[in-house]
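**Q** This structure is in structure tokens; I'll ask about it shortly.
And the structure:
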């Protein structure tokens with residue numbers, strides 16, 4: 044009798060131990076295909092119209108502050124459309140629109156000052172626009188990415204002037220999140236703000252302003 048009770052106890056204990064281990068065991072990781080990354084060669088882009096992915100795009104600006112630093116700010120509201128025809132770059136282009144009252148320096152008082160009439164005058168000029176006129180491929184960089192120039196017209200505070208954006212094409216492909224066709228590039232140009240009538244605090248605060256775009260577009 045004692046032996047039978049002992050065996051029964053051991054079996055119950057073994058069963059409880061197995062149940063605990065089963066509860067603690069982590070489910071097997073779901074297997075997914077490795078992401079190969081974008082295709083670098085612009086010539087194989089799917090032609091068409093692409094809309095800016097505002098959740099994965101940004102525009103920043105940098106300016107000398109009293110010679111002590113290169114101060115960086117950004118605009119939070121950027122819209123854009125890209126037309127892509129890799130077989131005929133003359134039919135390719137991009138348009139960006141920036142809402143001037145979305146300026147963000149991480150300092151509320153400074154943002155308010157920049158929005159006033161002596162700098163951006165956001166009430167009178169609610170947008171900054173860049174409209175391309177020509178797209179040119181110039182070669183490849185050390186990382187094997189295509190480089191180029193986007194010529195265009197920049198409209199800021201009622202003044203429109205030509206600028207040239209230096210660009211690095213990061214690639215194109217299908218996003219693993221949603222499966223949409225996507226392209227991306229980084230671009231930058233430098234302007235003299237005085238050319239656009241923004242003369243406040245010159246020369247203590249620099250005249251040259253470097254503007255940088257880091258953008259992704261999805262196909263419509």
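In this note's numbering, the protein residues as written are 44 to 263.
The C-beta atom is built at its ideal place from N, Cα and C for all residues, glycine as well.
Here the structure is a predicted model, which means the values were calculated and not measured.
With distances taken Cα to Cα, identify the nearest neighbour of residue 110 among 146, 262, 261, 245.
**A** Against the chain shown, residue 110 aligns to sequence position 67. When each option's Cα is compared against that of residue 110, the closest is 245.
**Q** Is it true that the CB of residue 210 sits closer than 7 Å to the CB of residue 228?
**A** Your numbering for residue 228 matches position 185 in the chain shown. Your numbering for residue 210 matches position 167 in the chain shown. For residue 228 and residue 210, yes; Cβs fall inside 7 Å.
**Q** Which one of 179, 168, 101, 123 has the shortest CA to CA distance from residue 86?
**A** As a working mapping, residue 86 is identified with position 43 in the chain shown. Among 179, 168, 101, 123, the Cα nearest to that of residue 86 is on 179.
**Q** Using only the alpha-carbon positions, how far apart do residue 82 and residue 232 sit?
**A** Here residue 82 is taken as the residue at index 39 of the chain shown, counted from 1. Here residue 232 is taken as the residue at index 189 of the chain shown, counted from 1. Cα-Cα distance, rounded: 25 Å.
**Q** Identify whether residue 199 lies in helix, strand or coil by the three-state DSSP scheme.
**A** By 1-based counting over the chain shown, the position of residue 199 is 156. Strand at residue 199.
**Q** If we ignore side chains and look at the alpha-carbon of each, how far apart do residue 238 and residue 124 end up?
**A** On the chain shown, position 195 is the one that residue 238 refers to. On the chain shown, position 81 is the one that residue 124 refers to. Answer to the nearest angstrom: the Cα atoms are 26 Å apart.
**Q** Taking 7 Å as the limit between beta carbons, can you name the residues of its chain near residue 177, skipping five residues before and five after?
**A** Residue mapping note: residue 177 aligns to position 134 of the chain shown, counting from 1. Closer than 7 Å at Cβ, skipping near neighbours: 194.
**Q** Can you check which of these residues, 114, 188, 249, is closest to residue 150 by C-alpha distance?
**A** If you number the chain shown from 1, residue 150 lands on position 107. If we check each option's Cα against that of residue 150, 114 comes out closest.
**Q** Taking buried to mean at least 16 other C-beta atoms within 10 Å of its own C-beta, is residue 161 buried or exposed?
**A** Taking the chain shown and counting its residues from 1, one reaches residue 161 at position 118. Exposed is the call here.
**Q** To test your reading of the DSSP string, which unbroken beta strand (DSSP E) runs of 3 or more residues are found completely within the region 156-195?
**A** 170-183
**Q** Per the DSSP calculation, residue 210 is bridged to which residue(s)?
**A** Counted from its first residue, the chain shown places residue 210 at position 167. The partner list for residue 210 (beta bridge, DSSP) reads 191, 230.
**Q** Whose CA, out of 175, 200, 166, 247, lies closest to the CA of residue 240?
**A** Translated into the one-based positions of the chain shown, residue 240 becomes position 197. 200 is the residue among 175, 200, 166, 247 whose C-alpha sits nearest the C-alpha of residue 240.
**Q** Pick from 250, 137, 154: whose alpha carbon is nearest that of residue 119?
**A** Here residue 119 refers to the residue found at position 76 when the chain shown is read from its first residue. Comparing alpha carbon positions, the residue from 250, 137, 154 closest to residue 119 is 154.
**Q** Closest to residue 91 by CA distance: which of 116, 134, 138 is it?
**A** Here the question's residue 91 lines up with position 48 in the chain shown. Ranking 116, 134, 138 by CA distance to the CA of residue 91 puts 134 first.
**Q** Report all residues from its chain with a CB closer than 7 Å to the CB of residue 145; omit the five preceding and five following residues, and keep chain order.
**A** As a working note, residue 145 is residue 102 in the chain shown. Contacts found: 118, 119, 120.
**Q** Can the beta-carbon of residue 253 be found less than 7 Å from the beta-carbon of residue 100?
**A** Residue mapping note: residue 253 aligns to position 210 of the chain shown, counting from 1. Residue mapping note: residue 100 aligns to position 57 of the chain shown, counting from 1. No. Outside cutoff.
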